[in-house]
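Worksheet: the structure to be examined is printed underneath.
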Amino acid sequence: MSDILKNTIEKKRYAVDEQGYYGQFGGAYIPEMLYPNVEELRENYLQIIETDEFQNEFRKLLKDYVGRPTPLFHAQRLSEKYNTKIYLKREDLCHTGAHKVNNTIGQIILAKKLGKNKIIAETGAGQHGVATATVCALMGLECIVYMGKVDMARQKPNVERMRILGAEVVPATCGSQTLKDATNEAMRHWINNPLDTHYIIGSVVGPHPYPDMVTRFQSVISEEIRLQLEQEEGRQLPDHVIACVGGGSNAAGAFYHFLDDEAVNLIAVEAAGKGVDSGESAATTALGKAGVLHGSKTLLMQTEDGQVIEPYSISAGLDYPGIGPMHAHLFETGRVKFENASDEEAMQAGVELSRLEGIIPAIESAHALAALDKVKFAPNDVVVVNLSGRGDKDLDTYIKWGKY
Numbered sequence: 001m002s003d004i005l006k007n008t009i010e011k012k013r014y015a016v017d018e019q020g021y022y023g024q025f026g027g028a029y030i031p032e033m034l035y036p037n038v039e040e041l042r043e044n045y046l047q048i049i050e051t052d053e054f055q056n057e058f059r060k061l062l063k064d065y066v067g068r069p070t071p072l073f074h075a076q077r078l079s080e081k082y083n084t085k086i087y088l089k090r091e092d093l094c095h096t097g098a099h100k101v102n103n104t105i106g107q108i109i110l111a112k113k114l115g116k117n118k119i120i121a122e123t124g125a126g127q128h129g130v131a132t133a134t135v136c137a138l139m140g141l142e143c144i145v146y147m148g149k150v151d152m153a154r155q156k157p158n159v160e161r162m163r164i165l166g167a168e169v170v171p172a173t174c175g176s177q178t179l180k181d182a183t184n185e186a187m188r189h190w191i192n193n194p195l196d197t198h199y200i201i202g203s204v205v206g207p208h209p210y211p212d213m214v215t216r217f218q219s220v221i222s223e224e225i226r227l228q229l230e231q232e233e234g235r236q237l238p239d240h241v242i243a244c245v246g247g248g249s250n251a252a253g254a255f256y257h258f259l260d261d262e263a264v265n266l267i268a269v270e271a272a273g274k275g276v277d278s279g280e281s282a283a284t285t286a287l288g289k290a291g292v293l294h295g296s297k298t299l300l301m302q303t304e305d306g307q308v309i310e311p312y313s314i315s316a317g318l319d320y321p322g323i324g325p326m327h328a329h330l331f332e333t334g335r336v337k338f339e340n341a342s343d344e345e346a347m348q349a350g351v352e353l354s355r356l357e358g359i360i361p362a363i364e365s366a367h368a369l370a371a372l373d374k375v376k377f378a379p380n381d382v383v384v385v386n387l388s389g390r391g392d393k394d395l396d397t398y399i400k401w402g403k404y
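Counting from 1, one number per residue, gives the positions in the sequence shown under UniProt numbering.
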């Protein structure tokens, strides 16, 4: 474990407390039948992942299998357009095409050490499902991935990737048939199969300890940013870090090692869909209020009587009615500034990066890029945009949008 990682874990200001809360958000609001599963994880995750044996295996796989460290790329033409210095953290170059594999590598090692031989997962854009299917194939474990029927149609290449890797992909056919519903189905499966099954949650959501655990596995992103900036700029701290947020795992990873450095401006970008006030949006911090979703207290979009409002985004990975409890706390305290980008703004930003830098981003990541038009930067600022995934999976959506 690096000194940066050790030192930052010791900082407590924005960290989860012993009860699993970030301020008022977090906890484990779960049915009694799920309690043994979650409690087993809570009791064991820290003592397992903090051992040298775990860290050595985790770090070796990140290096030799995932391809870390991912580059921190100075995007010169993008920088010229916005008159500032922009770096892209290239999580799109991870094996499987997104940051999701950082977490699935960690959780698959943990699952094996807990004696689990079956894995379930939920997925929206399909990247977490692909990453889970990938590590299950690597480790020889059975894999079932739940995915909304709507998402299966718009992310068909990822569905086929999962199947080629040996996973069973089960459609969620209730509600909006998107990520929220896939998560519901995965949790039902876990309740009915507690002894031999581990649920690899793909984002910083769900009951404690998942938000903290997933954040720790993804924190390798900001750990590397600090080391790489020291090499490139002679300093570890950027002026701004920008990341998209659905549930928020890539943002949690990109922000984690900067949370106690108040000089770093942290910017999270949510999906405004067809407009924040259009009724077709996923901009949780603009529209949501405190409530319980998928096992934790957080901010979520809900009606006056507490029913979840169906979210909408052109991006399957941001099509979620809430945010992780850590992000809810960071929003409430003002540590992170939350922006939002519409479908149109995100698609334009995705094409802009493609034309200026030869990198086609995932539509999720394009939302983060859209914030470059919404924030004022000084010419000498160092701006890091977390490019959480590549756009291969979204080509059909780009084609249907057609404005390029």
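Note that the Cβ used here is the ideal one computed from N, Cα and C, for glycine as well.
Residue i versus the options, residue with shortest Cα-Cα distance
i           : options               : result
residue 101 : 284, 134, 53 and 331  : 134
residue 68  : 27, 321 and 223       : 223
residue 315 : 291, 393 and 288      : 393
residue 180 : 33, 312, 360 and 330  : 312
residue 288 : 206, 309 and 274      : 309
residue 117 : 97, 140 and 95        : 140
residue 151 : 119, 317, 71 and 86   : 317
residue 30  : 372, 396, 346 and 210 : 210
residue 303 : 296, 323, 326 and 279 : 279
residue 399 : 351, 385, 375 and 384 : 351
residue 218 : 32, 369, 58 and 234   : 58
residue 93  : 83, 106, 20 and 65    : 65
residue 248 : 323, 292 and 233      : 323
residue 298 : 21, 25, 15 and 213    : 25
residue 144 : 171, 53, 245 and 253  : 171
residue 358 : 106, 52, 45 and 90    : 90
residue 258 : 232, 281 and 227      : 227
residue 370 : 348, 382, 286 and 355 : 348
residue 173 : 260, 146 and 395      : 146
residue 185 : 53, 305 and 123       : 123
residue 37  : 192, 53 and 250       : 192
residue 245 : 189, 176, 331 and 235 : 331
residue 319 : 51, 220, 54 and 269   : 269
residue 45  : 107, 32 and 56        : 107
residue 188 : 402, 32, 345 and 346  : 32
residue 368 : 51, 40, 251 and 39    : 251
Residue i and residue j closer than 8 Å at C-beta
i           : j           : result
residue 182 : residue 148 : yes
residue 272 : residue 283 : yes
residue 75  : residue 88  : yes
residue 14  : residue 22  : yes
residue 28  : residue 321 : no
residue 276 : residue 340 : yes
residue 354 : residue 98  : no
residue 382 : residue 81  : no
residue 110 : residue 137 : no
residue 78  : residue 356 : yes
residue 214 : residue 294 : no
residue 127 : residue 96  : yes
residue 397 : residue 154 : yes
residue 253 : residue 220 : yes
residue 325 : residue 281 : no
residue 119 : residue 49  : no
Exposure of residue i, with buried meaning 16 or more beta-carbon neighbours within 10 Å
i           : result
residue 366 : buried
residue 17  : exposed
residue 163 : exposed
residue 114 : exposed
residue 404 : exposed
residue 390 : buried
residue 307 : exposed
residue 195 : exposed
residue 231 : exposed
residue 343 : buried
residue 83  : exposed
residue 125 : buried
residue 395 : exposed
residue 378 : exposed
residue 20  : buried
residue 386 : buried
residue 216 : buried
residue 345 : buried
residue 197 : buried
>> Restricting to runs no shorter than 3 residues, where is the beta strand (DSSP E) found entirely within the segment 109 to 134?
In response: 118 to 123
> Do the segment 237 to 244 and the segment 259 to 269 meet, that is, are 3 or more Cβ pairs less than 8 Å apart?
Replying inline: yes
>> Extract the residue ranges of the alpha helix (DSSP H) inside the segment 306 to 337, only unbroken runs of 4 or more that lie entirely within it.
In response: 325 to 333
>> Just to confirm the assignment: which complete beta strand (DSSP E) runs, minimum length 3, are found wholly within the segment 163 to 192?
In response: 168 to 172
> Of all the beta strand (DSSP E) runs that stay within the bounds of the segment 230 to 282, which reach a length of 3 or more residues?
Replying inline: 240 to 244 and 265 to 273
> What are the complete beta strand (DSSP E) segments, minimum 3 residues, inside the segment 32 to 106?
Replying inline: 72 to 74 and 85 to 90
> Does the pairing of the segment 96 to 112 with the segment 367 to 382 give three or more beta-carbon distances under 8 Å?
Replying inline: no
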